[in-house]
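Chemist: Quick one: the structure is below, questions incoming.
Residue numbers (the numbering used here): 16 to 81.
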């Protein structure tokens with residue numbers, strides 16, 4: 016079974032759009048920016064993460080299956 020891998024690039028401008036698009040897996044904090052929620056299996060939420068990446072104005076969300 017493939018596993019989703021997600022990371023946020025340093026180019027992130029902390030706009031919080033990703034957390035709005037994928038609140039099940041991404042949490043946003045003003046000081047640190049977006050982070051994956053702890054303890055959440057992100058693989059079933061792959062489509063929402065892809066959508067969040069599409070809406071990212073700086074293309075800072077990277078997502079792939081491995």
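Don't be surprised by glycine CBs; every beta carbon is placed ideally from N, CA and C.
(1) Going by the beta-carbon positions, is the gap between residue 42 and residue 29 smaller than 8 Å?
(2) Assign residue 36 to buried or exposed, taking buried as 16 or more other Cβ atoms, counted over all protein chains shown, within 10 Å of its Cβ.
(3) Taking only the alpha-carbon atoms, compute the straight-line gap between residue 70 and residue 80 and give it to the nearest angstrom.
(4) With DSSP as the reference, label residue 50 as helix, strand or coil.
(5) Please state whether DSSP places residue 19 in a helix, a strand or coil.
Modeler: A quick look at the data gives this:
(1) It is not a contact, given that the beta carbons lie outside the stated cut-off.
(2) buried
(3) Cα-Cα distance, rounded: 19 Å.
(4) strand
(5) strand
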